[in-house]
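Note sheet for the following structure.
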Amino acid sequence: MSEALVSAIGSREVLRLSVNGQDREVLVKPYATLMEVLREDLRLTGTKHGCETGECGACTVLIDGVPKLSCLVLPAQAEGTGVTTIEGVATGSTLHPVQQAFMDAGAVQCGYCTPGMVLTAKALLDANPAPSVGEIKGALAGNLCRCTGYVGIVEAVQEAGRALA
Amino acid sequence: MTTTTTQPDPGLSPDGDLRIVGKPLPRVDAVGKLTGATAYADDIELPGTLFVKFLRSPHPHARVLSVDTSGATSMSGVAAVITGSDLPTKYGIMPTTQDERALENEKVRFVGDPVAAVAAVDEETALAACRAIHVEYQRLEAIESIEQALLSPTDEPIHDDYAGPGNIHRLAALEFGDVDEGFAKSDHLREDVFFFEGNTHLAMEQHSSTATYVGDQLTLWSSTQTPHYVHRALSKVLDLPMSHIRVVAATIGGGFGGKCDPFSHEMVVCKLAMLTGRPVKCTLTREEVFYAHRGRHPVLMWVRTGVARDGKILAMHFRTALDGGAYGSYGPASTLYTGALQTTTYNIPAYRFEGVRVFTNKAPCGPKRGHGTPQPRFALELHLDKIAQEIGLDPVELRRRNYVKPHTRTVNQLRITSCGIEEVTDRVVQASGFADRIRRPGHGMGFAVSSYMCGAGLPIYWNKMPHSECVLQVSRGGVTLFCGATDIGQGSDSVLATVAAEELGLWPTDIRLVTGDTGFAPVDLGSYSSRVTFMAGNAALMAARKMRGILVGVAAEQMGCSPSVVEVCDGKIGELAFEDAAVLAQERFGVLSTHGTYTPPSDLGGSFRGAGVGPSPAYSYSAAVVDLDVDPRSGEIHLNKVWLAHDIGRSINSLAVKGQVEGGVYMGLGEALMEAQAYRHGLHRQPSMLDYKSPTFLEMPDVETILVETLDPEGPYGAKEVGQGPLLPVIPAVASAVHDALGVWVDEVPVTPDKIMRALDDLAKGREGRFGPKHFPDVPYPTMHKVASPDAAPTTL
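Those sequence lines, one after another, are chains R and G. Numbered according to the working numbering, the first sequence spans residues 3 to 167. Numbered according to the working numbering, the second sequence spans residues 299 to 1095.
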């Protein structure tokens, strides 16, 4: 076991990732997940881990604008793409309309699901600026939240859609 | 001890002169959480950190014969390996439940009980080292159910710290008033048996802790709801003076009661930091969180009630049996909570409660939102529905005839003050059209009410310190509020900032907060029992009013007027900008510091053994109507809508209150319909977020939140709790709605399609159309303690 481990640790590879519009070069273990690389190597800890097995949605990032569970993505799969994490959503200190709507609608409580929710909602609104309640629920159904009962989040996404229109 | 409640003007109108209290303002911590800037415990990584993994028991019950760590200690990258002999001192959240060790070296009591821990350069190395540790176990009979725990153990009891007998942890037998006489006078008697399966908190954030030990000073950052109690436990287990320990509650990604106990991983990272001199971190995996648990107890319940012809309750006898899992935790309190709050909604003139908590070889149970009261609330509300049906009375009307009145004492001596139970009933019945619903096949509506405490009236261990304290400091024009209270996502930081801002004429975001930190903030007992708004809110109010007095005095002098005419609003103290007034005052007095405290009144409950559980300075009231459709071919439930009216006393922030109500409704629906922490041969059946079903966006119905403001005489600005209460009526209202839809009773939570189908099958066979437990086991309850009734006269406040 430990020999295999040592050999695995020894075989790292260099990857070039574009994260929040910046090119980053990282040396990663071949079995590391994108979530681990973002959190541990790039210290972008806004990407949360809730289960590490693709069940909760807390680690959602956008890959070329599409929501992906970063705990199920290998960094190599993200090479040549544009990765957006929660740190890349606001413009400077000005919140994105989705973030602003979450704030105003009380859609944030403990905040642990929030980065994944905001990114998934942003992707939805980028593709469909005026989604129905059913479309919002369908798009966000893979993101669990234990605090809000989802009610405020649906309201926030509707409001963000109006703000972006 | 003096009572330090602040008395707001009870005649103040809901808006009164308040500028920001009650407004739907954003949380003060929202921006950091929305941008990823906020650091939760697992986001903390100090230079040179070592990472911890645990070796845990694979057996539900076994003696530990030997632990050989030599294979691990010799591994490259391993800094330290510890076992039970390194941390032999037992601890537990209550003085009476000091029954766990951070690492077990004598025997393991559930799958997941920690035996050894490794600190290494990374998690993989720590994990590999754990696999190299060899433990020799001698397996013992595993106790898997309440019924089995009540039998004499074949091998040995799970614990030898308790009197037993066998695997019994705690027994209670209390009687208030003459129950036999009440039954004898009753026109109608009914008995029912119910079961509530255990479930868990499933906070999105896994527990994480980081410790440093530098120059005889230990610091722990942890996802904890109760830094005050963790501080004490660490001092005991590590044999360090409390003055050399600082516990900081990091930003918490959801609690719900799951981060209320001192945990093994917290002790272990501290011990390893002391041994290695390096920062040491541990984050539990999701599977480990399921086994850390401390969630809802499975409870078997039996209730007998006698009513007069008009539906008035004359006597009630309530029995509960709690499956406690492997350790004591909050168990004695949990046990008593299953019997304490039946009387805060209904006037029960004679009441008998018998409770038992047993140990089983499963992950330990503890407090979850509503602590020990959702289970009996489910039983009680369905039981009353059945009585109403039998005597031909509308279920809402039956309840109304028994509602408690404001400013009274219950038969078990609890002090009721503000009480909006009538109003929440009226509002929810009216909004939902419950009374005038048009019947269609498969459609049902259910109604239930509940109440919950605004903080436990007594601390967990006996001490005379205030329950909550705030220090408010003004320096260089900036305001900092220090309080031990812990924001677990419920918004307590925002409550404290709003209170201070209201009094000082500022905005909540003008207030800097230092909270949940035993090194820098004064005492607050923690985020449990829905105590923070009421208790820390009052402490903040007192501190802020003192500070306001200082600033107004200085401004009045400067302006040459009486302090009584100095207005405080919009960032100004009279004619002076807040900053200028603050600097002027600092020139005169030095740094400005005021403090506020809150200790509950001493007359909230009785003095009998067990009277410490249930008393609270105020009770919130909630009523729910659930509207659903059930497919009789599959038992599948479709939720249409939930109406929830809540007596909040007064909203400090209506947006946050609405969010707490919606979250409570959601969590109640999850418990009612799907969530179950169930085991097979000691193994959790679903220790993952996929298998442990919780509602998604798609299962969540519309929620209409109705806030009723009763202006509590002792709450800050009249405020009461909202974090826990609104969950309670939802669960029985779901089961009641299923009965309304199909005519069958599912007397067991969760109410799943298979249980509905079995109840329908029962109905089709000409029986009562019920699914649920058949009988309540024989329990060796102690001799009944008959408590003398309090004076029935209304309490004068």
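Beta carbons: idealized from backbone N, C-alpha and C, even for Gly.
Identity of the residues DSSP links to residue i by a beta bridge
| i | result |
| --- | --- |
| Pro-69(R) | Leu-64(R) |
| Arg-713(G) | Arg-707(G) |
| Glu-434(G) | Ser-364(G) |
| Pro-1051(G) | Its beta-bridge partners do not exist; DSSP assigns none. |
| Ala-417(G) | Val-350(G), Ala-378(G) |
| Ile-456(G) | None, per the DSSP bridge assignment. |
| Lys-579(G) | Phe-349(G), Thr-508(G) |
| Gln-771(G) | Thr-778(G), Ser-891(G) |
| Tyr-625(G) | Its beta-bridge partners do not exist; DSSP assigns none. |
| Phe-256(G) | Only positions 299 to 1095 of chain G appear in the structure, and residue 256(G) is not among them; the question remains open. |
| Ala-471(G) | Glu-652(G) |
Residue range of the alpha helix (DSSP H) that includes residue i
| i | result |
| --- | --- |
| Glu-969(G) | 952-971 |
| Gln-856(G) | 830-857 |
| Tyr-589(G) | 584-590 |
| Asp-929(G) | Element bounds for Asp-929(G): n/a, residue is neither H nor E. |
| Ile-689(G) | 672-689 |
| Gln-102(R) | 99-106 |
| Ala-328(G) | 328-333 |
Opening and closing residue of the beta strand (DSSP E) in which residue i lies
| i | result |
| --- | --- |
| Ala-938(G) | One point to set straight first is that residue 938(G) is Asn, not Ala, in the sequence displayed. Counting along the chain, the beta strand (DSSP E) containing Asn-938(G) begins and ends at 935-945. |
| Tyr-635(G) | It is not in any beta strand (DSSP E) - Tyr-635(G) instead sits in the alpha helix (DSSP H) that spans 629-638. |
| Val-545(G) | 543-547 |
| Asp-621(G) | 611-621 |
| Glu-442(G) | Glu-442(G) -> no beta strand (DSSP E), and no H or E assigned at all. |
| Met-743(G) | 741-751 |
| Gly-910(G) | It is not in any beta strand (DSSP E) - Gly-910(G) carries neither H nor E in the DSSP assignment. |
| Lys-1084(G) | 1083-1085 |
Buried/exposed call for residue i, threshold 16 Cβ in 10 Å
| i | result |
| --- | --- |
| Tyr-33(R) | exposed |
| Met-1082(G) | exposed |
| Thr-96(R) | exposed |
| Tyr-964(G) | buried |
| Lys-557(G) | buried |
| Lys-703(G) | exposed |
| Asp-945(G) | buried |
| Thr-93(R) | exposed |
| Pro-345(G) | exposed |
| Ala-1086(G) | exposed |
| His-505(G) | buried |
| Thr-303(G) | Summary for Thr-303(G): the model assigns pLDDT 31, below 50, so the residue's position carries little reliability; its value from the coordinates is reported in the next sentence. With 16 or more other Cβ atoms within 10 Å, it is buried. |
| Pro-1080(G) | exposed |
| Pro-560(G) | buried |
| Ser-914(G) | buried |
Residue j beta carbon less than 9 Å from that of residue i
| i | j | result |
| --- | --- | --- |
| Tyr-511(G) | Met-572(G) | yes |
| Ala-143(R) | Gln-102(R) | no |
| Asp-340(G) | Ser-521(G) | yes |
| Phe-481(G) | Tyr-649(G) | no |
| Gly-933(G) | Leu-1061(G) | no |
| Phe-1118(G) | Gly-775(G) | The structure shown does not extend to residue 1118(G), since chain G is modelled only from 299 through 1095, so no value can be given for it. |
| Glu-885(G) | Arg-846(G) | no |
| Ser-632(G) | Gly-664(G) | yes |
| Ile-950(G) | Val-722(G) | no |
| Arg-584(G) | Cys-53(R) | yes |
Minimum Cβ-Cβ distance from residue i to chain B less than 9 Å
| i | result |
| --- | --- |
| Ile-786(G) | The chain labelled as chain B is not found among the protein chains of the depicted structure, namely R and G. |
(message) If the cut-off is 7 Å on Cβ atoms, which residues from the stretch 643-664 of chain G count as contacting chain R, listed in chain order?
(response) none
(request) Return the residues of the stretch 71-97 of chain R that lie within a Cβ-Cβ distance of less than 8 Å from chain G, sorted by chain order. (result) Thr-87, Ile-88, Glu-89, Val-91, Ala-92, Leu-97
(message) Please identify, using Cβ separations under 9 Å, the residues of the stretch 961-976 of chain G that lie next to chain R, in order along the chain.
(response) Gly-961, Gly-962, Val-963, Tyr-964, Met-965, Leu-967, Gly-968
(request) Using a Cβ-Cβ cut-off of less than 7 Å, list which residues of the stretch 55-66 of chain R approach chain G; keep chain order. (result) Thr-55, Glu-57, Cys-58, Ala-60
(message) What are the residues in the stretch 99-116 of chain R lying within 7 Å of chain G by C-beta distance?
(response) Gln-101, Phe-104, Met-105, Asp-106, Gly-108, Val-110, Gln-111, Cys-112, Gly-113, Tyr-114, Cys-115, Thr-116
(message) By the 9 Å beta-carbon criterion, what residues does the stretch 138-153 of chain R contribute toward chain G?
(response) Ile-138, Lys-139, Gly-140, Ala-141, Leu-142, Ala-143, Gly-144, Asn-145, Leu-146, Cys-147, Arg-148, Cys-149, Thr-150, Gly-151, Tyr-152, Val-153
(request) With 9 Å as the C-beta to C-beta threshold (strictly closer), list the residues of the stretch 40-56 of chain R near chain G in chain order. (result) Arg-41, Glu-42, Arg-45, Leu-46, Thr-47, Gly-48, Thr-49, Lys-50, His-51, Gly-52, Cys-53, Glu-54, Thr-55, Gly-56
(request) Please name the residues in the stretch 118-135 of chain R whose beta-carbon is closer than 7 Å to at least one beta-carbon of chain G, in chain order. (result) Val-120
(request) Determine which residues of the stretch 394-416 of chain G have a Cβ less than 8 Å from any Cβ of chain R, and write them out in chain order. (result) none
(message) Using a Cβ-Cβ cutoff of 9 Å, what residues of the stretch 325-337 of chain G are near chain R? List them in chain order.
(response) Arg-325, Asp-327, Ala-328, Val-329, Gly-330, Lys-331, Leu-332, Thr-333, Gly-334, Ala-335, Thr-336, Ala-337
(request) Give the residues from the stretch 479-501 of chain G that approach chain R closer than 9 Å (Cβ to any Cβ), ordered along the chain. (result) His-499, Leu-500, Ala-501
(request) Could you list the residues in the stretch 984-996 of chain G with a C-beta less than 7 Å from some C-beta on chain R, going in chain order? (result) Ser-986, Met-987, Leu-988, Ser-992, Thr-994, Phe-995, Leu-996
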